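Report on the structure given below.
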Amino acid sequence: MGFQDKSLLCSDCGADFTFSAEEQELFASRGYANEPKRCLPCRQARKERRYGSRAQREMFSVTCAQCGNDAEVPFQPREDRPVYCSDCYNKVRASKHARF
0 MGFQDKSLLC
10 SDCGADFTFS
20 AEEQELFASR
30 GYANEPKRCL
40 PCRQARKERR
50 YGSRAQREMF
60 SVTCAQCGND
70 AEVPFQPRED
80 RPVYCSDCYN
90 KVRASKHARF
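Numbering that gives the first Met the number 0 applies: residue 0 is where the sequence shown begins, and numbers increase by one.
In structure tokens form, the structure reads like this:
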């Protein structure tokens, strides 16, 4: 499917912006039916307004139950459950999915 750059009008600021062929291809691959309504600066400003005020997640220092390396996790670990670094977690998760 051949996409071509399109000129669109931002619904927030009224500026013309280009909806590139690459962006159109990405939108199509993700199944998006609508074109963007906002230019990139307005999209970023809107995202900042919506999500920018969220507090930074508290991180907890842990020792990986598998390799013994130090790691940080975004949840309070429980004593009855093993906690893994991201590498070991991915390995454990992959091995669990491989069994099925």
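Glycine included, C-beta positions come from ideal geometry on N, C-alpha and C.
Please read all numbers here as calculations on a predicted model, not as lab measurements.
| Asked | Found |
| --- | --- |
| Under the rule that 16 or more other beta-carbon atoms within 10 Å means buried, what is A70, buried or exposed? | buried |
| Distance check for G1 and A27, CA to CA, integer angstroms please. | 11 Å |
| Do D4 and A14 have their C-beta atoms closer together than 8 Å? | no |
| Where does F26 fall in DSSP's three states? | helix |
| Taking 8 Å as the threshold (C-beta atoms), are P73 and R92 in contact? | no |
| Taking the straight line between their C-alpha atoms, what separation do you get for A32 and P76? | 42 Å |
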